[in-house]
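Undergrad:
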Amino acid sequence: MSGTIKPRDARELRQAIEWALSEGATLDVRGAGSKRALGKPMRGDHVLDTSGISGIVDYAPEELVVTLRAGTPMREVEALLAQRNQMLAFEPPDLGPLLGCAPGEGTLVGTLMGNFAGPRRLSAGAARDHLLGFSGVNGRGEAFKSGGRVMKNVTGYDLSKLIAGSWGTLAVLDEVSVKVLPAPDQTRTLILRGLDDAAAARAMCAAMGSPHEISGAAHIGDRTALRVEGVAPSVEARLKGLRELLADTTAAMEELGTFESRALWRDVRDAAPLEADADWTVWRLSCPPTAGAAIVGRIRGQRPEAKAFYDWSGGLIWLGLPPRPDADHFLVRGAIGPTGGHATLIRASEAVRAAVPVFQPQPPALAALATRVKESFDPRGLFNPGRMG
Amino acid sequence: MQMPLLDPDILRRRGEIVAALRAIVPGEGVIDDLDSMRPYECDALSAYRQMPLVVVLPDTVAQVSAILRYCQDRKVKVVPRGAGTSLSGGSMPVGDAILLGMGKFNRVLEIDYANRCVRVQPGVTNLGVTKAVEHEGFYYAPDPSSQIACSIGGNVAENSGGVHCLKYGLTTNNLLGIEMVLMNGEVVRLGGKHLDAGGYDLLGLMTGSEGLLGVVTEVTVRILRKPSTARAVLIGFPTEAGAADCVAAVIASGIIPGGMEMMDRDAIQCAENYVGAGYPLDAEGLLIVELDGPAVEVDHLVARVEEIAKERGATTCRVSRDEQERALFWAGRKAAFPAVGQITPDYMCLDGSVPRGRLVEVLAEMREMSKTHRLRVVNVFHAGDGNLHPLILFDANDPEELRRAEEFGADILRLCVRVGGVLTGEHGVGIEKRDLMGEQFTEIDLDQQMRVKCAFDPDHLLNPGKVFPKLRRCAELGRVVVHHNKMPFPDIPRF
Numbered sequence: 001m002s003g004t005i006k007p008r009d010a011r012e013l014r015q016a017i018e019w020a021l022s023e024g025a026t027l028d029v030r031g032a033g034s035k036r037a038l039g040k041p042m043r044g045d046h047v048l049d050t051s052g053i054s055g056i057v058d059y060a061p062e063e064l065v066v067t068l069r070a071g072t073p074m075r076e077v078e079a080l081l082a083q084r085n086q087m088l089a090f091e092p093p094d095l096g097p098l099l100g101c102a103p104g105e106g107t108l109v110g111t112l113m114g115n116f117a118g119p120r121r122l123s124a125g126a127a128r129d130h131l132l133g134f135s136g137v138n139g140r141g142e143a144f145k146s147g148g149r150v151m152k153n154v155t156g157y158d159l160s161k162l163i164a165g166s167w168g169t170l171a172v173l174d175e176v177s178v179k180v181l182p183a184p185d186q187t188r189t190l191i192l193r194g195l196d197d198a199a200a201a202r203a204m205c206a207a208m209g210s211p212h213e214i215s216g217a218a219h220i221g222d223r224t225a226l227r228v229e230g231v232a233p234s235v236e237a238r239l240k241g242l243r244e245l246l247a248d249t250t251a252a253m254e255e256l257g258t259f260e261s262r263a264l265w266r267d268v269r270d271a272a273p274l275e276a277d278a279d280w281t282v283w284r285l286s287c288p289p290t291a292g293a294a295i296v297g298r299i300r301g302q303r304p305e306a307k308a309f310y311d312w313s314g315g316l317i318w319l320g321l322p323p324r325p326d327a328d329h330f331l332v333r334g335a336i337g338p339t340g341g342h343a344t345l346i347r348a349s350e351a352v353r354a355a356v357p358v359f360q361p362q363p364p365a366l367a368a369l370a371t372r373v374k375e376s377f378d379p380r381g382l383f384n385p386g387r388m389g
Numbered sequence: 390m391q392m393p394l395l396d397p398d399i400l401r402r403r404g405e406i407v408a409a410l411r412a413i414v415p416g417e418g419v420i421d422d423l424d425s426m427r428p429y430e431c432d433a434l435s436a437y438r439q440m441p442l443v444v445v446l447p448d449t450v451a452q453v454s455a456i457l458r459y460c461q462d463r464k465v466k467v468v469p470r471g472a473g474t475s476l477s478g479g480s481m482p483v484g485d486a487i488l489l490g491m492g493k494f495n496r497v498l499e500i501d502y503a504n505r506c507v508r509v510q511p512g513v514t515n516l517g518v519t520k521a522v523e524h525e526g527f528y529y530a531p532d533p534s535s536q537i538a539c540s541i542g543g544n545v546a547e548n549s550g551g552v553h554c555l556k557y558g559l560t561t562n563n564l565l566g567i568e569m570v571l572m573n574g575e576v577v578r579l580g581g582k583h584l585d586a587g588g589y590d591l592l593g594l595m596t597g598s599e600g601l602l603g604v605v606t607e608v609t610v611r612i613l614r615k616p617s618t619a620r621a622v623l624i625g626f627p628t629e630a631g632a633a634d635c636v637a638a639v640i641a642s643g644i645i646p647g648g649m650e651m652m653d654r655d656a657i658q659c660a661e662n663y664v665g666a667g668y669p670l671d672a673e674g675l676l677i678v679e680l681d682g683p684a685v686e687v688d689h690l691v692a693r694v695e696e697i698a699k700e701r702g703a704t705t706c707r708v709s710r711d712e713q714e715r716a717l718f719w720a721g722r723k724a725a726f727p728a729v730g731q732i733t734p735d736y737m738c739l740d741g742s743v744p745r746g747r748l749v750e751v752l753a754e755m756r757e758m759s760k761t762h763r764l765r766v767v768n769v770f771h772a773g774d775g776n777l778h779p780l781i782l783f784d785a786n787d788p789e790e791l792r793r794a795e796e797f798g799a800d801i802l803r804l805c806v807r808v809g810g811v812l813t814g815e816h817g818v819g820i821e822k823r824d825l826m827g828e829q830f831t832e833i834d835l836d837q838q839m840r841v842k843c844a845f846d847p848d849h850l851l852n853p854g855k856v857f858p859k860l861r862r863c864a865e866l867g868r869v870v871v872h873h874n875k876m877p878f879p880d881i882p883r884f
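Protein chains in written order, with my numbering: chain U, 1 to 389; chain B, 390 to 884.
#1: Are the beta-carbon atoms of residue 40 (chain U) and residue 389 (chain U) separated by less than 8 Å?
#2: Could you check where the alpha helix (DSSP H) with residue 758 (chain B) kicks off and where it finishes?
#3: Excluding five sequence neighbours on each side, which residues of the same chain lie with their C-beta closer than 7 Å to the C-beta of residue 396 (chain B)?
#4: If you draw a straight line from the alpha carbon of residue 203 (chain U) to that of residue 249 (chain U), how long is it in whole angstroms?
#5: Among U:53, U:68, U:118, which residue has its Cα nearest to the Cα of residue 272 (chain U)?
#6: Using the three-state DSSP reduction, which class does residue 19 (chain U) fall into: helix, strand or coil?
#7: With distances taken Cα to Cα, identify the nearest neighbour of residue 765 (chain B) among B:742, B:776, B:795.
#8: Taking only three categories from DSSP, how would you classify residue 59 (chain U)?
#9: With 8 Å as the threshold, decide whether the Cβ of residue 737 (chain B) is near any Cβ in chain U.
#10: Check this for me: beta carbons of residue 822 (chain B) and residue 477 (chain B), under 8 Å apart or not?
#11: Pick helix, strand or coil for residue 1 (chain U), following the three-state DSSP scheme.
#12: What are the start and end residues of each continuous alpha helix (DSSP H) run of 4 or more residues lying completely inside the segment 253-339 of chain U, in chain order?
#13: If you measure between the beta carbons of residue 742 (chain B) and residue 776 (chain B), is that distance less than 8 Å?
#14: Chain B beta carbons: is any one of them nearer than 8 Å to that of residue 1 (chain U)?
#15: Answer with buried or exposed for residue 319 (chain U), where buried requires no fewer than 16 other C-beta atoms within 10 angstroms of its C-beta.
#16: To which residues of the same chain is residue 767 (chain B) closer than 6 Å at the C-beta, ignoring the five residues directly before and after it?
#17: What residues from the segment 452-477 of chain B come within 7 Å of chain U, judged by C-beta to C-beta, listed N to C?
#18: Classify residue 6 (chain U) as helix, strand or coil using the three-state DSSP reduction.
#19: In angstroms, rounded to a whole number, what distance separates the CA positions of residue 51 (chain U) and residue 258 (chain U)?
#20: Using DSSP with H/G/I as helix, E/B as strand and the rest coil, what is residue 705 (chain B)?
#21: 8 Å is my cut-off, CB to CB: does residue 330 (chain U) come that close to chain B?
#22: Applying the 10 Å Cβ sphere with the 16-neighbour rule, what's the burial state of residue 2 (chain U)?
#23: Buried or exposed for residue 326 (chain U), going by 16 or more other Cβ atoms inside 10 Å?
#24: Start and end of the beta strand (DSSP E) containing residue 186 (chain U)?
#25: Output, in sequence order along the chain, the residues in the segment 221-245 of chain U whose CB is closer than 9 Å to any CB in chain B.
#26: Using the C-alpha atoms, what's the distance from residue 383 (chain U) back to residue 874 (chain B)?
#27: Contact defined as beta carbons within less than 8 Å: I believe residue 154 (chain U) pairs with residue 597 (chain B). What is the distance between those atoms, to the nearest angstrom?
#28: Could you check what DSSP says for residue 201 (chain U) in three-state terms: helix, strand or coil?
#29: Looking at the secondary structure, which residues open and close the alpha helix (DSSP H) in which residue 562 (chain B) lies?
#30: For a test of the three-state rule: what should DSSP assign to residue 555 (chain B), helix, strand or coil?
#31: Indicate whether at least one CB of chain B lies closer than 8 Å to the CB of residue 119 (chain U).
#32: Between B:721, B:556, B:487, B:789, which lies nearest to residue 426 (chain B) when the distance is taken from Cα to Cα?
#33: Can you grab the Cα-Cα spacing for the pair residue 838 (chain B) / residue 731 (chain B), in whole Å?
#34: The ligand SAM heavy atoms versus the CB of residue 24 (chain U): any closer than 7 Å?
#35: How many whole angstroms separate the CB atoms of residue 253 (chain U) and residue 191 (chain U), which I take to be in contact at a CB cut-off of 8 Å?
#36: Please state if the CB of residue 574 (chain B) and the CB of residue 455 (chain B) are separated by a distance shorter than 8 Å.
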């Protein structure tokens, strides 16, 4: 009998997991369910729904930390922080529309579980860099915690890093403490026009290596966008410096103000340029920034119709390909080449995701180590079986 | 300090082990005579000393792999060591363990300015990374105060911080990739020049794992462009509460300084006597707030910080006029430990982290404890991130005083945990705080951590006696207990 279990607090969560353990039943762990169409298809015996364990526990703006229950919707967290002019600096993407769902549906913990970060990943770090601590239940039905609420903490292993990006396969969380930062006063963007992919990567890397503190560097079509944030006089000075630095790359430069900038970077963050053609395959590749153009070039050599844009100074490639049963996974991963990187299949039909490695396959020694780590939390394989492939 | 009992069988087989190591590392890479091993008998937690079984200094990854595989096969323990600057005894030798020194891995392998990263061997010093790139205007952000000596491999093991981590992060936030050797001799690579390696974030787990999970043989770090301007503001307050208040107000106003340090009255006096940095001797609390970035931004933020400081009742507020003066402001803070060393035979440096909002209360309670334990305490700390460095003054030649200092230290760390903080912010658990882990973690919390350890090192051979107060065998930890009597509790909503 398959069903949904919806605990209301940490104690009920632990009971539910103890029960599953005693039944030998597996669980699909779900928050808002906004990423069900991402990753390997879910195939657990029951759904464990954490959305009932919700709410802000404590928010201390001057401590730069918010503690919340695992099912708390992202929009609730973001609205709370905005009241105090703070933000989640890793710029969590909202992939709902890309995946054919409504926008604004996810939870903060769901974003942490995929370790998703947006354009500010470059300067502010990944989602995992902002998870200060958590409590949850492992696959033995034991409640445990790691980390804390303070910025600096090296007491014991940093299990927060492991949990972020684990797709719910190690433990089910009931509470997290997350680092927050002041939101910038101003956001402006310098647009360079007419650069090809390789020239854009060079311009973005030059900007990143300058003292002008770029917080976003993306290349979409013929537009190369460099974001500058902060207090007004600083933003002015840095934009001026950037124009001088990049004067030789193109004659065509323009600036976007705060409002237009925010719209542009929201689109980059959420991969909006690939939302259309909902049946197309979408990949997300991470590579050294200077290697991106060559990788896309190799893919276009086989699939000239491929659509691509770049974030993270060229180090993040969002790639759209016409649908194929194998999602072109050999082509995409083969194109990464010796400079290193990895590719994640973000959008494809359930059948394709079941058949194709969604996450980058690992060398045998590393894969064996990852399996042992999984077993150290969840020895019976209770949580999200098969989710990470 | 109780270390694991020595295994007489290993001690008896010492000759055979030394010979096996000589077969792996030829020449002078194996050190087994007592005099030559002496420099390795402790790290920077020098109150505790122990001679290792034998010292081995490999210089290739293949040698590291062969050594670990040999040790795994023969169940010989291994203590990895970088530069030996751990303040928590992280690289303190164990009597029946090989000391694996990584000092020969001292080369910068690749500098890639376009991708803003540097690939080095783990024995390169922290400052060595910055030295390799500073002529191009770049630097490596984490700056522990031992940065001249400490190795980047050790920084990975300890997740080292420094005075700039509020804005620029700890090692974990600046690390892109590593190559490491597992206890079974397997070599794995995590991350690289790209961001966010797929799969479980083992890179994040390795960072700060205190040498218990694997031996790092290569490190790739992110480098940053040096800020074009940095200015420091020296702010004195008539009360500690005023200084702590100012810290909170600066952050609440949306400013994240490059560094924000605080010193108490005794620390101010000691540092001033030692360096003559021009610190206000009438202040009870002194802040050094450093703002960095483009000149116009720094000027703007300096003005705001000055304004906030005056509102909070600052009695001194001086802004550095040039690089020389900025360096002088910092000189006192950076010399605070040796300065305190001038007024006491020995001191013990602690490292708890607390929520900033509890700083004043924690300082006051520490003073009370100081009376009870009849020992002086001097406070220097990273106020921006609530990381305290209380220095307990004592005389190690007096065993009774050493005991009181240890008890005082433990009480301070318990206090940190009680107010919602942690035992260690950047120095690591090592042997020093090992027995206090139960103050912060339950047995289940610690068992989960030990199970992670088992995934890497099933025989607990790597850096034994560190971090965990009580080691449990992996076989025992691996057992799953199922409570069959627990019924599916009708009160949980089900659909």
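Idealized CB from N, CA, C, for every residue including glycine.
TA: Quick answer:
#1: A distance below 8 Å separates the beta carbons of residue 40 (chain U) and residue 389 (chain U).
#2: 748-762 is the span of the alpha helix (DSSP H), which, as asked, contains residue 758 (chain B).
#3: Taking C-beta separations shorter than 7 Å and ignoring five residues to either side along the sequence, the partners of residue 396 (chain B) in its chain run 485, following chain order.
#4: One alpha carbon belongs to residue 203 (chain U), the other to residue 249 (chain U), and they sit about 7 Å apart.
#5: For residue 272 (chain U), the closest of U:53, U:68, U:118 by C-alpha to C-alpha distance is U:118.
#6: DSSP places residue 19 (chain U) in the helix class (H, G or I) of the three-state scheme.
#7: Between residue 765 (chain B) and the set B:742, B:776, B:795, the nearest pair of CA atoms involves B:795.
#8: Residue 59 (chain U): strand per DSSP, three-state reduction.
#9: Answer no: the Cβ-Cβ gap between residue 737 (chain B) and chain U never drops below 8 Å.
#10: Yes; because the gap between Cβ atoms is below 8 Å, this pair is in contact.
#11: Annotation note: pLDDT 49 at residue 1 (chain U) (below 50); position unreliable, coordinate value reported separately. In the three-state DSSP reduction, residue 1 (chain U) falls in the coil class, being neither helix nor strand.
#12: Counting whole runs of 4 or more residues, the segment 253-339 of chain U contains the alpha helix (DSSP H) stretches 258-269, 292-302, 329-336.
#13: Cβ atoms of residue 742 (chain B) and residue 776 (chain B): closer than 8 Å.
#14: Residue placement at residue 1 (chain U) is poorly supported in this model, since its pLDDT is 49, which falls under 50; the coordinates are not used for a value here.
#15: Residue 319 (chain U) counts as buried, since no fewer than 16 other beta carbons sit within 10 angstroms of its beta carbon.
#16: Within the same chain, Cβ atoms closer than 6 Å to the Cβ of residue 767 (chain B) are found at 655, 656, 729, 780, the five residues on either side in sequence being excluded.
#17: Contact residues of the segment 452-477 of chain B toward chain U are absent (C-beta to C-beta distance below 7 Å).
#18: In the structure shown, residue 6 (chain U) adopts coil according to DSSP, grouped into three states.
#19: Taking the straight line joining both Cα atoms gives about 34 Å.
#20: Three-state DSSP puts residue 705 (chain B) in a strand.
#21: No, because no Cβ of chain B sits closer than 8 Å to the Cβ of residue 330 (chain U).
#22: With fewer than 16 other Cβ atoms inside 10 Å of its own Cβ, residue 2 (chain U) counts as exposed.
#23: So residue 326 (chain U) ends up on the exposed side.
#24: Its beta strand (DSSP E) spans residues 186-193.
#25: For the segment 221-245 of chain U, the residues whose beta carbon sits under 9 Å from a beta carbon of chain B are, in order, 230, 231, 232, 233, 234, 235, 236, 237, 238, 241.
#26: For residue 874 (chain B), the predicted structure reports a pLDDT of 48, less than 50, and the residue's modelled location is therefore unreliable. The matter cannot be settled from this model.
#27: The distance from the Cβ of residue 154 (chain U) to that of residue 597 (chain B) is about 5 Å, consistent with a contact at the 8 Å cut-off.
#28: Helix at residue 201 (chain U).
#29: Counted as a single uninterrupted DSSP element, the alpha helix (DSSP H) harbouring residue 562 (chain B) occupies residues 560-563.
#30: Helix, per DSSP.
#31: The beta-carbon of residue 119 (chain U) is placed no less than 8 Å from the nearest beta-carbon of chain B.
#32: Of the candidates B:721, B:556, B:487, B:789, the one whose C-alpha sits nearest the C-alpha of residue 426 (chain B) is B:487.
#33: Distance between the alpha carbons of residue 838 (chain B) and residue 731 (chain B): 40 Å.
#34: Here there are no bound small molecules, and the ligand SAM is not part of this structure.
#35: Between residue 253 (chain U) and residue 191 (chain U) the beta-carbon gap is near 7 Å, inside 8 Å, which marks them as a contact.
#36: Cβ distance < 8 Å, so residue 455 (chain B) and residue 574 (chain B) count as in contact.
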